[in-house]
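To start, the structure under review is shown below, and the notes come after it.
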Amino acid sequence: MGASKGAGAARNGSGKNAGGGRSKTSRPASSRPASPKEQKKYQKIAQQARPRPPVLINCIKAFLTGGVICLVGQGVLNYFIRIGVKPPDSGGPLAGVMVTLGALLTGIGVYDVIGKFGGMGSALPITGFANSIVSPAMEFKREGYVLGVGARMFQVAGPVIVYGLVTSVVVVLIKMAVMALTGKS
Amino acid sequence: MAQSSQVLLTENRRLGKQTVQFGHPPAIAGFASVVGPKEGQGPFGKLFDVVKEESLLGEKSWERAETMFMLEASRLAMRRAGTAREDIDYMLAGDLLNQIIASDFAARELSIPFLGLYGACSTLAEGLGIAASFLSYGIARHILVTVSSHFDSAERQYRYPLEFGAQRPVTAQWTVTGSGAFVLGPTGNEERTPRITHWTCGRVVDMGIKNPNDMGSAMAPAAADTIQRHFEDTGRGPDDYDLIITGDLGKLGLKLATEVLKRANVTMGDSFTDCGAIIFGNDQDVHSGASGPACSASMLGGPLLKRMMAGEMDRLLIVPTGALFSPTSFQQGESIPSVAHAVVIEMAPGEAEGRP
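Chains A and B, in that order, give the protein sequences.
Count the first sequence with our numbering and you get residues 68 to 252, in order.
Count the second sequence with our numbering and you get residues 5 to 360, in order.
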């Protein structure tokens with residue numbers, strides 16, 4: 068029992084001074100719920116102990132990741148224009164290609180790795196939108212195609228769609244109000 | 005053996021406000037740990053009984069795989085204890101899934117009278133404490149205590165789909181995939197065997213932490229509260245234990261628990277650590293550490309008890325910690341109440357002396 072770091076010695080003396088760490092002045096343990104003041108005090112300690120995320124590095128990584136995705140998008144756009152699609156009409160096919168790409172990378176298990184590196188840089192482009200729809204669809208396939216895939220597919224993207232639509236309606240209302248006031252149509 | 009008479013009391017005693025000292029301290033007659041590949045690659049990889057090569061185990065869902073982890077650990081622990089399924093009077097089990105389905109489904113296979121437990125990641129200590137009480141009061145001969153968790157089943161319930169490309173915050177913890185199982189009985193198979201001598205049942209503590217990605221901060225005050233209460237009730241201190249180990253506070257939670265105890269004038273030494281802070285290596289990209297019921301259970305059912313059996317430790321205080329929240333409570337803006345229970349495990353003679 069040589070390995071037990073002199074614990075036996077400490078134990079033999081436990082009658083007199085139970086544990087070297089405890090002193091007579093030790094505050095007795097509480098037996099009531101924590102007060103708001105105690106909670107605040109602890110939250111401050113916790114806040115100070117919390118490690119800081121590397122914000123600057125994360126920003127650079129997000130910028131690079133988002134930049135690369137946009138670069139690919141620009142390449143695709145240029146291709147469509149070169150084969151004769153009119154620039155105003157090229158948004159649709161471009162979105163189609165990028166969504167397919169995002170879905171494909173999610174399906175083969177690559178997009179979550181990109182997301183871990185790139186953070187918002189990979190979440191914000193439309194490829195991230197595809198990832199947010201395909202990943203729950205894959206995850207909840209085991210619950211069936213209706214209650215699993217169908218119901219859970221928009222678990223992450225749902226709020227984005229809802230508030231995207233709400234915002235667009237608000238913007239249109241503002242535009243109409245401005246036009247009515249200025250008399251232009 | 006001056007110590008043995010002290011360990012093998014014949015009467016149950018209630019100490020202070022929250023602690024029980026067991027008469028005829030029940031032996032951990034058999035124990036086992038079964039873990040997933042990531043746990044196997046960690047610093048304690050070789051000390052787990054079974055390390056799986058992949059974590060779906062050929063099942064059709066992560067939930068079924070979790071049940072398989074629990075079943076394998078349970079069967080291994082029963083075999084080690086030399087007990088058949090029929091010899092076990094109760095199975096006490098719990099996990100993190102809704103309605104504790106991993107345990108329910110394992111209990112269906114084992115067909116042992118079943119009590120389902122929920123204490124989140126503290127469930128191991130809840131189970132060991134209740135089982136030791138049952139045995140100590142002579143209303144059972146053998147009890148199986150087992151808990152499990154699974155990274156993939158926990159992620160889909162509590163967080164995001166696996167393939168979703170999100171960044172994990174620096175305070176996040178990684179759910180341990182695996183299970184630990186323990187068969188408690190009157191005697192151990194070896195000459196010296198680990199016995200459960202004390203149990204300090206914790207109260208729920210809530211310091212108003214709301215971030216589900218920072219469970220270490222939420223649970224640290226509960227761990228500190230139970231540890232301090234245990235010392236007060238038993239008259240012991242940090243130096244009376246070879247190791248004091250919490251469940252899954254992680255690196256940040258361990259730091260905070262140490263700080264909270266220090267402010268209460270309880271100075272924890274080098275013997276104080278946390279299963280979640282050490283089960284994975286620093287190179288395994290788990291941020292603040294590990295979590296899950298299987299975190300403390302696989303550590304106890306593997307490295308910790310193996311070291312005790314090898315004579316490296318004599319007296320252990322294990323304090324599994326649980327964050328008692330659900331996705332619903334978090335979405336409704338509630339804070340995260342937490343609990344921790346402490347169990348004392350001590351090496352003692354395997355034969356039960358003077359047992360009726």
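C-beta: ideal position from N, C-alpha, C; glycine also.
Can you pull the DSSP bridge partners for Glu-350 (chain B)?
Under the DSSP definition of a beta bridge, Glu-350 (chain B) partners with B:Arg-199, B:Arg-319.
With 16 other CB atoms within 10 Å as the buried threshold, where does Ser-98 (chain A) fall?
exposed
Mind listing the chain B neighbours of Gly-217 (chain A)? Cutoff is C-beta to C-beta under 8 Å, in chain order.
The premise fails here: Gly-217 (chain A) is roughly 15 Å from chain B at the closest Cβ pair, so nothing lies under 8 Å.
Looking at chain B, which residues of the region 201 to 228 of chain A have a Cβ within less than 8 Å of any of its Cβ atoms?
Val-201, Ser-202, Pro-203, Met-205, Glu-206, Phe-207, Arg-209, Gln-222, Val-223
By Cβ distance, which residues of its chain are closer than 7 Å to Cys-205 (chain B), with the 5 residues on each side in sequence left out?
When the five nearest sequence neighbours on each side are left out, the beta carbons in the same chain lying within less than 7 Å of the beta carbon of Cys-205 (chain B) are those of Gln-22, Gly-133, His-345, in order along the chain.
I want to verify the contact list: residues of chain A whose CB lies under 8 Å from the CB of Gln-171 (chain B), in sequence order.
Asn-125, Gly-182, Lys-183, Gly-186
Does DSSP classify Tyr-94 (chain B) as helix, strand or coil?
strand
With DSSP run on the structure shown, which of helix, strand or coil describes Ile-105 (chain B)?
helix
Anything in chain B within Cβ reach of Tyr-178 (chain A), meaning under 7 Å, just list it in chain order.
Glu-167, Gly-169
Rounded to whole angstroms, what is the Cα-Cα separation between Ser-202 (chain A) and Leu-171 (chain A)?
11 Å
From Asn-16 (chain B) to Gln-25 (chain B), what distance separates their C-alpha atoms?
6 Å
With a threshold of 6 Å on Cβ separation, who are the neighbours of Ala-327 (chain B) within its own chain once the five nearest residues in sequence on each side are excluded?
Within the same chain, Ala-327 (chain B) has close Cβ partners Ala-124, Met-219, Ala-222, Met-223, Ile-340, Ser-342.
With a cut-off of 8 Å on the beta carbons, I'd call Met-82 (chain B) and Ala-97 (chain B) a contact; round off their distance for me.
Met-82 (chain B) to Ala-97 (chain B), Cβ: 13 Å. No contact.
Who are the near neighbours of Lys-128 (chain A) in its chain, counting only those whose CB is closer than 7 Å to its CB and skipping five residues on each side?
Phe-184, Gly-185, Gly-186, Gly-188
Could you tell me which residues DSSP puts in a beta bridge with Phe-186 (chain B)?
B:Phe-35, B:Val-149
Quickly, what does DSSP pair Ile-45 (chain A) with across the bridge? List them, please.
Residue 45 (chain A) cannot be examined here, being either before or after the span of chain A that is shown, 68 to 252.
Return the Cβ separation of Leu-258 (chain B) and Thr-238 (chain B) in integer angstroms, given the expectation that the two are a contact with Cβ distance under 8 Å.
Rounded, the Cβ-Cβ distance is 22 Å, inconsistent with contact.
Nearest by alpha-carbon distance to Glu-338 (chain B): which of B:Glu-195, B:Thr-175, B:Asp-274, B:Ile-213 is it?
The residue with the shortest Cα to Cα distance from Glu-338 (chain B) is B:Ile-213.
Classify Cys-279 (chain B) as buried or exposed, calling it buried when 16 or more other Cβ atoms lie within 10 Å of its own Cβ.
buried
Hey, how far is the Cα of Leu-309 (chain B) from the Cα of Leu-131 (chain A)?
Taken atom to atom, the span from the alpha-carbon of Leu-309 (chain B) to that of Leu-131 (chain A) is near 48 Å.
Assuming contact is defined by CB atoms lying nearer than 7 Å, are Met-317 (chain B) and Arg-311 (chain B) in contact in what I supplied?
Taking 7 Å as the Cβ cut-off, Met-317 (chain B) and Arg-311 (chain B) qualify as a contacting pair.
Any residues in the region 37 to 53 of chain B with a beta carbon nearer than 9 Å to a beta carbon of chain A? Which ones, in chain order?
none
Would you identify the three-state DSSP class for Ala-129 (chain B), choosing helix, strand or coil?
helix
Which of the three DSSP states, helix, strand or coil, is assigned to Leu-247 (chain B)?
strand
Please state if the CB of Lys-255 (chain B) and the CB of Gly-285 (chain B) are separated by a distance shorter than 7 Å.
no
According to a CB-to-CB cut-off of less than 8 Å, which residues of the region 126 to 145 of chain A neighbour chain B?
So the list is empty, because no residue satisfies the distance condition.
Run down chain A in chain order and give the residues with a C-beta less than 7 Å from the C-beta of Met-1 (chain B).
Outside the shown range of chain B, which is 5 to 360, sits residue 1 (chain B), and nothing can be said about it.
Would you tell me roughly how many angstroms separate the C-alpha atoms of Ala-36 (chain B) and Thr-262 (chain B), rounded to the nearest one?
Using only the alpha carbons, I get a separation of about 30 Å.
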